[in-house]
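In our numbering, the protein residues as written are 706 to 1145.
I have placed the structure first, in the form of structure tokens, so that the comments after it can refer back to it.
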Amino acid sequence: MTETFSTKLGMERCLSCDHRWIDYEKARTSCYMCGGTRISECVSLRDIRDAIAALRKEDRKYLDKQARRTLILKQRYREIAELSLRRAQDIFAKVKTHYETGNLTDKVLDLLIIAFRLFSDLGVHKSASAIAYMAAMGYAQRGVTKEVRSPDDLNDLVAARQWFMRLGSKEWEAAMNLHIGQKAMSTVGTDPSLLQLMTQVSLWHYYRARDYYYEKRDTQMVDRLQFDIDRSTQLLVAYNKGYSQIESARIQAQSTLRHSENVRKGLETLGRSVQYGLTALGENIENAGGSLSRALQSSSAALTSNITNTMYTLASSSKLKGRSLDRRMSDVGQLISTSVREVPEEFFRPIGELGARFALGAVGSAASADITSDPSVIKLAETVEPEAKQSEESFKHMDEPTVRISGTLLDTLVSKGLTKVIEQLESNEPEKKEASPPAA
């Protein structure tokens, strides 16, 4: 994920030619139509919703004035909503083919995130949730094909895990824990501290995955994970022992040099005075031995501290790279959770089953490659455009708030999103048919 995916997303307007577009705030420095550089402030749908909510709190005091302002804000909301819907449809139509053919570059995934944010802001929750799953699976697919040489190479798998956590998909979250554990265990390198760090990362994720399968009473997966945990623990002990030996040898070599220097000084003193030279030699040897003992104790304490805080080191690294969603993606995470709550669980059942098969691929029982071209994923992608088309049609039947300020479909759009507008229109159609007189 790039640094812009959590930036404000809304409508900007060229003050020279009045051309309007949807993009990240300050992403464009000039108008594509006329080349003008005078660009208005970025206005998002959330900004207008917040402004309308603030006005409604003051309606009792300034009813007429606030009603007129609310009317203007709603009209602006509809303008941005229509433009956002077209932009989301255009983006998804362009990246869908690339996604299904396995083209999972940063550009493709970033465009998917833009489409998700636009659909979610509009309240087209089924399309937004489908795209969120597609983005998460895209990061998962990229992560399993990477060779791990540093903690940063796990960033795609960590990002996928965070998306699935917010989507509430326990099967996929467990699958990501399995793959992160497997990839961390297969780290390529000769640095003992790196191998020690990655083994601890592997153990942590293996334990999380084991807890999930234990709750599901999947004894086969639990037994396999327990084997991996035992093996990882053995490797961690070996790495710790090797690291300790290397550190001890380094400290002992440094102490030996200091000891030799002290012996040389003692022999020089011995040449001048045997009695005082032997005394000085004994003191120096004793000091050198004490220094070696203290150095070994300090090394042991430092090594223990390093082992205890390893996971915090990895977390700090992930934050610096911007891959973790915990801090920068709080708003996007709320959009994910909101969209998923509005969609029935049965809609995502085939994707959950794919997550179970993807987890089996981590332990060697099934193939886990090319999940983006899986039939269930292609079927999921096919549901996005019909839902968006249905939302586009609902705009044509939306009442203009010329007389009434509340109770119109535009109020429903602002407060609940396009999905509720469609439901309201569909519920009104049977009533109109019953009220219509029979044909003569």
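Where a beta carbon is used, it is the ideal one built from N, C-alpha and C, also for glycine.
Asked, Found
"Where SER1029 and ARG871 are concerned, what is the direct C-alpha to C-alpha distance, given to the nearest angstrom?", "Unreliable placement is indicated for SER1029, whose pLDDT of 43 sits below 50; the coordinate value is still reported in the next sentence. Using only the alpha carbons, I get a separation of about 12 Å."
"In the DSSP assignment, find the alpha helix (DSSP H) that holds GLY843 and state where it starts and stops.", "830-849"
"Identify the residues that DSSP records as bridge partners of ILE744: which are they?", "CYS719"
"So which of THR802, LEU827, CYS722 has the shortest CA-CA distance to ILE753?", "LEU827"
"In the DSSP assignment, what are the bridge partners of LEU714?", "TYR729"
"Could you check the C-alpha separation between ASP1077 and CYS719 for me, to the nearest Å?", "For the sequence presented, residue 1077 should be read as Thr rather than Asp. Distance between the alpha carbons of THR1077 and CYS719 is about 38 Å."
"Drop a sphere of 10 angstroms on the beta-carbon of THR734, count the other beta-carbons inside from all chains shown, and report buried for 16 or more, exposed for fewer.", "exposed"
"Tell me the rounded alpha-carbon separation between GLU940 and LEU859.", "Note that residue 940 corresponds to Leu in the displayed sequence, not to Glu. Taking the straight line joining both Cα atoms gives about 20 Å."
"Helix, strand or coil: how does DSSP classify GLU852 here?", "coil"
"Suppose you measure from the CA of GLU1047 to the CA of LYS1125; what does that come to, to the nearest Å?", "10 Å"
"Measuring alpha carbon to alpha carbon, tell me which of LEU750, PHE797, TRP868 ends up nearest GLN780.", "LEU750"
"Specify the secondary structure class of ASN808 as computed by DSSP and reduced to three states.", "coil"
"Helix, strand or coil: how does DSSP classify GLY894 here?", "coil"
"For VAL800, does the count of other Cβ atoms within 10 angstroms reach 16, so buried, or fall short, so exposed?", "buried"
"When you compare only the Cα positions, how much space is there between GLY886 and LEU809?", "23 Å"
"So, are the CB atoms of ALA833 and SER1044 less than 7 Å apart?", "yes"
"If we call anything under 7 Å between Cβ atoms a contact, is ILE796 one with LEU816?", "yes"
"Less than 7 Å between the beta carbons of ALA889 and VAL906, yes or no?", "yes"
"THR775 and LEU788 look like a contact to me (Cβ under 8 Å); what is the Cβ gap, rounded to whole Å?", "About 20 Å; that fails the 8 Å criterion."
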